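As structure tokens, the structure follows; a few thoughts come after it.
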Amino acid sequence: MYLFGRKLTEEKIQARARNRRVHMANERTFLAWIRTSIGIMAFGFIITKFFAASAFNQATVAQSTIESFNDYAFLGIFLVFLGAAAGFLAVYRYLVTEKQIIEGTYRPSIASDVMVAILLGSIGLLLVVYLIKTL
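Counting from 1 along the sequence shown, just add 42 to a position and that's the residue number in this note's numbering.
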């Protein structure tokens with residue numbers, strides 16, 4: 043059996059079978075990250091499409107409407123980018139954790155958790171700026 047381009051020894055295959063609950067927990071965590079990534083990207087897409095439709099459905103498009111549309115488009119595109127980055131981070135974290143579990147060298151890392159907190163915090167800041175601008 044091969045995993046990540048390496049042949050697994052019989053001992054590692056048996057250890058993997060014994061630790062299947064740990065592997066399944068790693069997979070559930072990965073899927074939760076993917077759901078979050080999809081949600082962030084969908085939110086950015088909706089923001090961009092909603093404001094594009096509302097800006098161009100008006101009878102007269104004023105300069106301020108075009109400028110605000112550009113701001114909303116930037117916000118939406120940025121959220122899609124952040125969601126995609128979260129997806130790539132999820133894959134990276136999953137693969138590293140899976141490899142560490144197999145090798146028996148797993149060490150929890152807070153780096154990815156801090157990155158998610160920064161990601162969500164930046165989304166929150168963007169939404170606060172948006173709400174302040176619309177008042």
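Glycine included, each C-beta is placed from N, C-alpha and C at the ideal position. Just so we're clear, the structure is a prediction, and the values are computed from it rather than from any experiment.
Whole angstroms are fine: how far does the CA of residue j sit from the CA of residue i?
i	j	result
I165	S151	23 Å
G129	Y136	11 Å
A101	F93	Bear in mind that the predicted position of A101 carries a pLDDT of just 45, short of 50, making it too unreliable to give a figure here.
V133	F116	26 Å
N61	S154	23 Å
L73	T139	14 Å
H65	L161	26 Å
V122	I144	33 Å
R70	I80	15 Å
Y148	T176	47 Å
M231	G163	Residue coverage of the chain in this structure runs from 43 to 177, which leaves residue 231 outside it and unanswerable.
R77	F120	18 Å
L131	L168	21 Å
Using the Cβ count rule (16 or more neighbours within 10 Å means buried), how would you classify residue i?
i	result
T90	buried
L173	exposed
G86	buried
W75	buried
Assuming residue i and residue j are in contact, meaning their beta carbons sit under 8 Å apart, how far apart are those beta carbons, in whole angstroms?
i	j	result
I82	G118	About 11 Å; that fails the 8 Å criterion.
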